[in-house]
Structure formats: C-alpha cells, structure tokens
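Accompanying notes for the structure given below.
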Amino acid sequence: MKKWYRWQDYVAVAAGLFTAVAVLFTRQQNMSTTLMLAFGGLLVVSGIINLAMPGTPAMEYVQAVLAAGLVLSPWLGTYTGATGAAWTSWIAGAVALVVTAVAIKPSTDLRHTYRVSH
C-alpha cells in the first residue's frame, strides 16, 4: 500500500481538524474546548501517522479509541447542553470511528503480506 494514499485516513484527519476548529464557532460549555481540541488534534496526528506509515494496525486501533473518545466526550465533559459542540463531537467522532474501522482490515492484511519470514 502506498504512503499518503488511503482515503480513510484523510477523512479521519479532516474530522479531527474540523473538531479542533469548531471550538471557534460553536458555543462551548464545561470541558468542551479542552476535549474537542485534544481529541481533534490527536485524531489529526494519528491520521497523519497512518498516512505516512500504512500497514500499522496498532495505530489504527489507537485512532479508533480516539474516535470513540470523541464520541463519548460530550457525556464525559458534561457539555451535552452545548448542542453545537456536542453534535460536532458526536458526528465527527462517529465518522472517524467508521472510516477507521473500514481501514483496520486492509492495514492488517498489508502487515501480514510484508511479514518477514525466519
């Protein structure tokens, strides 16, 4: 699999970037700014790592955990009342989680294809 090629990782990066930027134009409440910036930024970083190094299933699972954390963050950070921030977290997190789940199988297959035999 070629570097900088997988659309799933570009979508995850876009979801993370949108989440991080959304703190500028959505009403924030309680821990929303912190959690949205943290999970959004980490999704961007994990997506870039996945783009640069395809075939690393462990990083795919890390990205899935980050996306799930973004989905759960409105409840964890008690900002479900800030509808713009909460919906941004839920939708962007769900999108990132789905595309990461789609990317896990090809990443695992690529890892097994290039395994060095002893």
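When we follow the UniProt record's numbering, the leftmost residue of the sequence shown carries the number 1, and every step to the right adds one. All C-beta atoms, glycine included, are put in the ideal place defined by N, C-alpha and C. Since the model is a prediction, treat every value here as computed from it, not as a measurement.
Going by beta carbons, F39 and S73 fall inside the 8 angstroms limit.
About 32 angstroms separates the beta carbons of Q29 and V102, which is beyond the 8 angstroms limit, so they are not a contact pair.
By the neighbour-count definition (other C-beta atoms within 10 Å, threshold 16), L42 is a buried residue. Straight through space, the alpha carbons of R27 and L66 are spaced by roughly 22 angstroms.
The C-beta separation of A92 from T19 comes to about 5 angstroms, placing the pair in contact by the 8 angstroms criterion.
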